[in-house]
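Numbering (mature numbering (1 follows the signal peptide of the UniProt record, and there is no 0)), first residue to last: -27 to -1, 1 to 472. Please read the structure below before turning to the comments.
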C-alpha cells in the first residue's frame, strides 16, 4: 500500500477512533466536582483550612467529590455511609499510602508505618507496633511516668494559682505531653540544647512544620521537586531530617552502650532488642536502626501534637460551657474525694469525663481529613467509579458536624454519648477520630490515656476562670491547620485551687 493509501486509511479510521474514545470516556461514572484549572487543577479551592473548604464543596456536589490537586486525582468522602464504604467495604482496595511526597520526606522519615504503601514491610511494622509497643500491657508499664509528669504539671500550675496569674495551657500541655513521650520513647527528657544541632524544642517544632506543609512535589510529581528546590523547601527538609537523624543516632548509641542496665524499659530499648532478634521472628522484612528511627519519629510527632491539642480543645469547650464544666468537675471530685489527685486507676469510673473527651474529638479531631490513602484497584462508592492510583481523603471533621448523623451538631453536648454505643474502635462511622480499618491508629490507647489523665487532674485540682474582662463568648475557637488541627490562639485561663 502506498503512503497516500495509508494516510487515506488513517483519515477514514479517525472518526471511528474518536467514537471509541468518546464511548470509553462516557462509560466512566466519575464523582462530581468543581471545574479545574490547567496545571494546578483544584488546588486554588483548598483554602487555608482544607477540611472546611472541602466541606463547603461537598454541600454543593454531594458526599463523594472528585478534585484534581495538581496532577493528582483526589476523591473526598464526607458522610458516615461513604466512609463506611471506604474504610470497611473497600478497605483492602484503598489501604495504600500515596508516595507523591517530596524526596526529602521519603528519604528518611516516611519509610515508616504511617506513610509507606500497603506492603510486607508495612504489615510487619504494624505488627511490631500493635504487639510490642502499644499493647495494653506495654501502655500500663509506663503508667508511673504519666502520673509523675502530671503531678509536676499540677505543681507548676499551683504557683500561678497563688498569684491568680493566667496560665498558657497550650504551652503547659505541650510541655507535659512532650515530657511524657520523651521518657516513654527515649528513657529521658530532652529540653534545651541537648544536642549540637540546636535547641530540642526548636528542631521538633521545625520538623512538625515541614511535615505538615504541602509541597509542590505532592501535587506535581514530575516537576514539583524543582520548585521545592528553588523555593528552598527541599533544603529545609534535608537540614531538619539530618539534625534529627544525628540526634536519634546519638540516643541509640547511648542505649547500646548501657543496654545491660536493668532500668531500660522505654520504647527505644524494646525496638533495639527487636533489631537483635533474627528476622524470621518478624517475617521476611529485616528490622534495622533506620526503622527504629522512623517509628520514633512517628511516635513523637503524632503523639505530642495530637494529645496536647486535644486537651487544649477540651478545656476551651469547657470554659465556654459552664454547665458542662460544673457537671464533669462534680463527677471527678465526688469520685476522688480528698485523695489529692486522680490516678489512672480512677479513670474508668469517670463516665462523664470520657463523654467530654469524645465530644471534644467529634468537634475537633486532631486529623480532620485523616491521612491520605491511595487506591490499589477499581471499586465503586455510591455508584461512582474510583480508579487505581487515586488519592482518597475521609473528611471526619465534616462527618462530625453532619446533621444527618448528629442532633445540634455544632453544640458541645457530651450527653450524646451517654448510652455508650459509640466508641473509638472504628466500627461506627459517625465517629472515628483515630481512623478505622487497616490504617487505624495503633497508638490510640496510649494517646487517650494521656489525655484523660491530664484533663481529669486539671479539673479536679483547679477551678478555672477567664482573665479579667473576658466572657465565655470571647473565647476564640478559630482553627489553624498543621500536622494536627490546632487552636489558633493560645488558651490562657486563671487557675483557682479547688481541692
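Glycine included, each C-beta is placed from N, C-alpha and C at the ideal position. Values in this document were obtained by computation on a predicted structure and should not be read as measured data.
When 395, 18, 435 and 416 are compared, the shortest CA-CA separation from residue 9 is found for 18. Judged by DSSP in its simplified three-state form, residue 270 adopts helix. Looking at the DSSP output, residue 347 bridges to 69 and 364. By the Cβ-count criterion, residue 423 is buried, with 16 or more other Cβ atoms from all chains shown falling within 10 Å of its own Cβ. In this structure, the straight-line span from the alpha carbon of residue 100 to that of residue 147 is close to 29 Å. Residue 243 has its alpha-carbon roughly 10 Å from the corresponding atom of residue 265. The distance from the Cβ of residue 145 to that of residue 130 is about 7 Å, consistent with a contact at the 8 Å cut-off. Less than 8 Å divides the Cβ of residue 48 from the Cβ of residue 37. For the options 385, 183 and 15, the alpha carbon positioned closest to that of residue 289 is the one of 385. Residue 41: member of the beta strand (DSSP E) spanning 37 to 42, first to last residue. Sequence-distant partners of residue 469 (beyond 5 residues in either direction) whose C-beta falls short of 8 Å from its own C-beta, in its chain, are 134, 137, 435, 436, 437 and 438. Here residue 391 is exposed: its Cβ has fewer than 16 other Cβ atoms, across all protein chains shown, within 10 Å.
Non-local beta-carbon contacts of residue 269 in its own chain, meaning distances under 7 Å to residues more than five positions away in sequence, involve 158, 221 and 241 in chain order. As a beta-bridge residue in DSSP terms, residue 47 pairs with 40 and 364.
For residue 436, the three-state secondary structure derived from DSSP is strand. Distance from the CA of residue 190 to the CA of residue 309, rounded to the nearest whole angstrom, comes to 53 Å. A distance below 8 Å separates the beta carbons of residue 280 and residue 150. Secondary structure at residue 382: coil, using DSSP grouped into helix, strand and coil.
Between the beta-carbon of residue 41 and that of residue 14 there is about 3 Å, and that keeps the pair under the 8 Å contact cut. In the assembly as shown, residue 196 is an exposed residue. Its beta-carbon has fewer than 16 other beta-carbons within 10 Å. Pairwise C-beta distances place the stretch 372 to 381 in contact with the stretch 53 to 67, as three or more of them are shorter than 8 Å.
Between residue 389 and residue 69 the beta-carbon gap is near 34 Å, outside 8 Å, which marks them as no contact.
Under the rule that a run must span 4 or more residues, the alpha helix (DSSP H) segments found entirely inside the stretch 299 to 346 read 317 to 320 and 324 to 336. DSSP, read as helix, strand or coil, puts residue 14 in strand.
Per DSSP, the unbroken beta strand (DSSP E) holding residue 458 starts and ends at 458 to 460. With contacts defined by Cβ atoms closer than 8 Å, residue 181 and residue 274 form a contacting pair.
If you look at residue 211, you'll find it in the alpha helix (DSSP H) that goes 206 to 230.
A contact is defined here as three or more CB-CB pairs under 8 Å, and the stretch 223 to 232 fails this definition with respect to the stretch 197 to 215. The beta-bridge partner set that DSSP reports for residue 352 consists of 359. Residue burial annotation: residue 331 is buried, with at least 16 other C-beta atoms found within 10 angstroms of its C-beta. 228 is the residue among 200, 107 and 228 whose C-alpha sits nearest the C-alpha of residue 160.
The Cβ-Cβ distance between residue 297 and residue 387 falls below 8 Å.
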